[in-house]
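In numbering that gives the first Met the number 0, the protein residues as written are 0 to 359.
See below for the structure under consideration.
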Amino acid sequence: MLSAAHDILSHQRASGNQSHAVLLADILPTLVIKLLAPLGLHLLPYSPRVLVSGICAAGSFILVAFSHSVGTSLCGVVLASISSGLGEVTFLSLTAFYPRAVISWWSSGTGGAGLLGALSYLGLTQAGLSPQHTLLSMLGIPALLLASYFFLLTSPEPQDPGGEEEAETSVRQPLIGSEAAELKPDSSSRLSLQERWTVFKGLLRYIVPLVLVYFAEYFINQGLFELLFFRNTSLSHAQQYRWYQMLYQAGVFVSRSSLRCCRIRFTWVLALLQCFNLAFLLVDVWLSFLPSIYLIFLIILYEGLLGGAAYVNTFHNIALETSDEHREFAMAAACISDTLGISLSGLLALPLHDFLCHLS
């Protein structure tokens with residue numbers, strides 16, 4: 000949807016401020032869902048959640064494809080946001096009932112989804128398909144989502160959730176300390192508000208770095224991508240924007256699939272590197288000192304690698320360091336990290352984008 004946003008609004012002759020509204024429509028519904036999820040979403044069974052997510056995804060493609068106004072397009076983006084936010088918090092919570100290794104596969108799947116979305120849109124539009132027909136061709140994806148959940152996914156069975164990774168926990172500091180242990184409820188009861196708060200405080204050392212990572216990368220993606228324009232290339236402005244999105248998603252896919260090869264405990268290092276990326280590209284937008292678009296391509300690929308690595312390692316570490324009774328809540332609570340970072344970046348990137356446009 001974000002890859003299509005540039006074409007959607009340029010076709011409808013939207014202004015820059017309306018273009019910025021796409022990011023807000025894409026992220027604010029997700030933010031609301033993820034803020035409320037740790038408080039009461041567990042009361043709704045998983046199957047209805049997945050059904051709503053699939054229906055909203057299909058509705059978003061149809062609404063935007065047949066839209067003749069910016070407002071209708073934004074409503075379609077809102078539906079996509081609801082689908083994405085509800086789906087992510089649902090499936091991440093569901094991983095608590097499967098072996099911890101499933102975090103790696105979940106992250107790889109989401110990374111592949113981002114790459115497939117950006118690459119398919121780039122490929123189909125480059126081949127001459129209109130944005131409308133490209134969106135309609137995506138309607139099979141929500142159907143596959145529902146079919147995979149209701150017919151392919153096996154029910155969780157009693158098993159040792161640690162598997163081959165359990166040995167790591169012996170050398171790790173527990174995420175939830177003795178304070179939470181004293182509050183440990185009976186296995187048949189739900190977590191109390193006090194215990195939820197204690198678990199959430201333990202999560203902050205992973206939530207804060209992930210917020211910073213997503214703040215920096217989406218500040219780049221939504222505030223700077225359109226300003227990183229090179230005239231000494233055969234690619235048009237719109238084509239450059241699509242390539243930026245595709246390369247970013249490629250980096251995310253590779254690093255989200257890298258858990259078996261590289262595991263990072265101190266994710267704050269990734270946050271610092273991503274913030275440096277933001278500062279470097281911001282200076283380039285201001286001074287235009289980079290001579291070639293291919294250097295930007297490499298930096299954006301690297302940006303995606305950092306973002307994907309931060310995501311998969313954050314949830315992997317949380318899965319290792321939470322007890323069985325806390326894991327479902329911890330996964331749902333930590334979901335807020337990426338969405339909060341993206342929301343904060345939108346608030347700052349939009350006025351800065353306009354400021355930099357006025358300078359050029």
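C-beta atoms are modelled at their ideal positions from N, C-alpha and C, and glycine is treated no differently.
Since this is a predicted model, take the numbers as computed values, not measurements.
Can you round the beta-carbon distance between residue i and residue j to whole angstroms, since I take them to be within the 8 Å contact cut?
i	j	result
L289	V212	23 Å between Cβ atoms; not a contact.
S254	L209	Not a contact, Cβ separation roughly 13 Å.
I341	A329	Their Cβ separation, rounded to whole angstroms, is 21 Å, which puts I341 and A329 out of contact at 8 Å.
G84	E216	That belief does not hold up - the Cβ atoms of G84 and E216 are roughly 18 Å apart, past 8 Å.
H315	I102	5 Å
L22	Q221	5 Å
L123	T133	4 Å
Y205	T313	5 Å
Return the first residue and the last residue of the alpha helix (DSSP H) that residue i is part of.
i	result
H315	292-320
C274	267-286
K57	Looking at the sequence provided, one finds Ala at residue 57 rather than Lys. Looking at the DSSP string, the run of the alpha helix (DSSP H) that includes A57 is 45-64.
P208	192-218
A100	Counting along the chain, A100 falls outside any alpha helix (DSSP H), and DSSP gives it neither H nor E.
H132	130-135
Q239	236-255
A332	323-333
E225	Note, E225: premise wrong, no alpha helix (DSSP H); not H, not E.
F149	F149 -> no alpha helix (DSSP H), and no H or E assigned at all.
I371	Absent from the model: residue 371. The displayed extent of the chain is 0 to 359, so no value can be given.
Please determine, among the options, the residue with the shortest C-alpha to C-alpha distance to residue i.
i	options	result
F296	F229, T321, L78, P37	F229
S257	L343, V311, G75	V311
S235	I219, S287, I292, P98	I292
Q244	L319, A95, N231, E225	E225
F354	C55, L223, G70	L223
S82	I102, A95, A56	A56
D283	I298, L23, V31	I298
A100	D337, S336, R259, P350	R259
S322	V51, L190, F150	L190
S154	L294, L93, G345	L93
Y120	C261, L246, T71	L246
T29	L346, L78, L50	L78
L346	F218, S147, L35, V51	F218
R264	I54, T197, A309	A309
L286	L300, V31, L227	L227
E320	Q125, A237, S136, A95	A95
Y97	L152, D25, G139	L152
A237	L27, Q131, S46, Q125	Q125
Measuring only between beta-carbons, confirm whether residue i sits less than 8 Å from chain D.
i	result
F199	The structure shown has no chain D; it contains just one protein chain.
Quiz item: Touching or not, the stretch 86-99 and the stretch 35-47, by the rule of three or more beta carbon pairs under 8 Å?
Solution: yes
Self-check item: the stretch 245-263 / the stretch 110-130 touching (three or more Cβ pairs under 8 Å)
Solution: yes
Self-check item: the stretch 95-109 contacting the stretch 47-65, beta-carbon criterion three pairs below 8 Å
Solution: Too few Cβ pairs lie closer than 8 Å, so no.
Practice problem: Determine contact between the stretch 142-151 and the stretch 271-283, defined as no fewer than three beta-carbon pairs at a distance below 8 Å. | Solution: Contact fails: fewer than three Cβ-Cβ distances are below 8 Å.
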